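Here the structure comes first, spelled out in structure tokens, and everything after it is commentary.
There are 2 protein chains.
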Amino acid sequence: MPSSSRRPGIAFLLAQLGADATGRFADALAPAGITPPVAGVLRLLRVEAGMSQQDLARRLGVAPSRVVAVVDELEERGWVARTRGSDRRTNALALTPAGEEAFGRVAAVAAGHERAVTEGLAAAEREQLLALLERLAALRGLVPGVHPGYRRP
Amino acid sequence: MPSSSRRPGIAFLLAQLGADATGRFADALAPAGITPPVAGVLRLLRVEAGMSQQDLARRLGVAPSRVVAVVDELEERGWVARTRGSDRRTNALALTPAGEEAFGRVAAVAAGHERAVTEGLAAAEREQLLALLERLAALRGLVPGVHPGYRRP
DNA sequence: TATTGTTATACTCTATAACTATA
DNA sequence: TATAGTTATAGAGTATAACAATA
Numbered sequence: 001m002p003s004s005s006r007r008p009g010i011a012f013l014l015a016q017l018g019a020d021a022t023g024r025f026a027d028a029l030a031p032a033g034i035t036p037p038v039a040g041v042l043r044l045l046r047v048e049a050g051m052s053q054q055d056l057a058r059r060l061g062v063a064p065s066r067v068v069a070v071v072d073e074l075e076e077r078g079w080v081a082r083t084r085g086s087d088r089r090t091n092a093l094a095l096t097p098a099g100e101e102a103f104g105r106v107a108a109v110a111a112g113h114e115r116a117v118t119e120g121l122a123a124a125e126r127e128q129l130l131a132l133l134e135r136l137a138a139l140r141g142l143v144p145g146v147h148p149g150y151r152r153p
Numbered sequence: 001m002p003s004s005s006r007r008p009g010i011a012f013l014l015a016q017l018g019a020d021a022t023g024r025f026a027d028a029l030a031p032a033g034i035t036p037p038v039a040g041v042l043r044l045l046r047v048e049a050g051m052s053q054q055d056l057a058r059r060l061g062v063a064p065s066r067v068v069a070v071v072d073e074l075e076e077r078g079w080v081a082r083t084r085g086s087d088r089r090t091n092a093l094a095l096t097p098a099g100e101e102a103f104g105r106v107a108a109v110a111a112g113h114e115r116a117v118t119e120g121l122a123a124a125e126r127e128q129l130l131a132l133l134e135r136l137a138a139l140r141g142l143v144p145g146v147h148p149g150y151r152r153p
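Protein chains in written order, with the UniProt record's numbering: chain A, 1 to 153; chain B, 1 to 153.
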């Protein structure tokens, strides 16, 4: 519960709207039985198949042990396959056809979520806002497609 | 770790930038030995003195039991006093002079944080962005000054 | 000796429910 | 009986450290 001093500034509004968007996205995903971490991994593997779990952990900025649990769940659902990597220590991760379908559902939810979050803004306002947020994300050095953008060393 | 489909949209960028801002604010506050929840309560009590702990819990959207721990900490530091309310069951909460000083430090950190988050944007861009975020927060029905804006029922 | 995936453990944050004292 | 504050407990979520297999 951080707060603004008197009138909220940009930093506070970003924190507030970001928490709101994150919560709404999780809610929108819930009926499909998908959690945000699972959605994030599906997306990453769709773009870059063959990643190892260590690669995934580095890309997501989480501990490798955390990846184990998420991949376990994905594998139990038949959405991801752990196949042999070049090195016999590593798992090469890839989406199965069912995983591709699951990602399709995630993409549909994300599209609806985007509409819901920006509802009430005119098209010109949306473009303006998108451009400003993109610029700010670039200035802050945030990696496209990976949330949370903030990593503690 | 929610993610965008291909190119991040407004919803994803808000989530990403919001998480970044939240983390940076906590980091900026840490050297002063203050956590974000403590900062939020200091601010709320400064604006509305005499609140009960139940009032506080409702305003923040957290469980009353959570408020106990935060107020305990504030009281141990001598920043907040639990005084008798009209009803002998309730505590009327108020900032002490030391609490006012602590709030001053929080306000200074928040000001620096605002500058850091918006660094690199031109003054005109800042105004544009602030106006758009204010509009979006109003559209989403977010309560000014309270984070997180998202409450689960 | 170093690295990958795994397991075990602990820590943080928060909510729910039970308890007490008032009303 | 209902409500304010408190305490106890439990559930997420995550990190750290130890471990076995492989390099």
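In this text, a Cβ means the ideal position worked out from N, Cα and C, and glycines have one as well.
What you are looking at is a predicted structure, and each value in this text was computed from that prediction instead of being measured.
For the stretch 128–141 of chain A, the set of residues with a beta-carbon nearer than 8 Å to any beta-carbon of chain B comprises Q128, L129, L130, L132, L133, E134, R135, L136, A137, L139 and R140, in chain order. Taking L45/A as the centre and dropping the five residues before and after it, the same chain places the C-beta of M51, V80, L93, A94 and L95 closer than 7 Å to its C-beta, in chain order. About 17 Å separates the beta carbons of L13/A and A123/B, which is beyond the 8 Å limit, so they are not a contact pair.
For A39/B and R84/A, the gap between their C-alpha atoms comes out near 50 Å. Judged by beta-carbon spacing, A28/A lies beyond the 7 Å limit of V106/A, meaning their Cβ atoms are not closer than that value. DSSP, reduced to helix, strand and coil, places R58/A within a helical segment of the structure shown. Between the alpha carbons of E100/B and I10/B lies a gap of roughly 38 Å. In the three-state scheme derived from DSSP, where H, G and I count as helix and E and B as strand, T83/A is classed as strand. Contact between A15/B and T22/A holds, with the beta-carbon distance rounding to 5 Å and staying under 8 Å. By the Cβ neighbour-count rule, A102/B is buried, with 16 or more other Cβ atoms within 10 Å of its own. A contact is defined here as three or more CB-CB pairs under 8 Å, and the stretch 113–122 of chain A fails this definition with respect to the stretch 67–75 of chain A. Using a Cβ-Cβ cut-off of 7 Å, Q53/A does not count as an interface residue toward chain B, since no Cβ of chain B sits closer than that to its own.
In the three-state reduction of the DSSP assignment, A30/A falls in the helix class. Counting only the Cα atoms, L17/A lies some 30 Å from P64/A. Per DSSP, the beta-bridge partners of M51/A are L93/A. With its beta carbon less than 7 Å from one in chain B, D20/A belongs to the interface. Interface with chain B (7 Å Cβ-Cβ cutoff): L14/A is included. At a cut-off of 7 Å between beta-carbon atoms, E75/A makes no contact with chain B. Secondary structure at L142/A: coil, using DSSP grouped into helix, strand and coil. In the same chain as T90/A, and ignoring 5 residues on each side of it, the C-beta atoms closer than 7 Å to its own belong to S52, in chain order.
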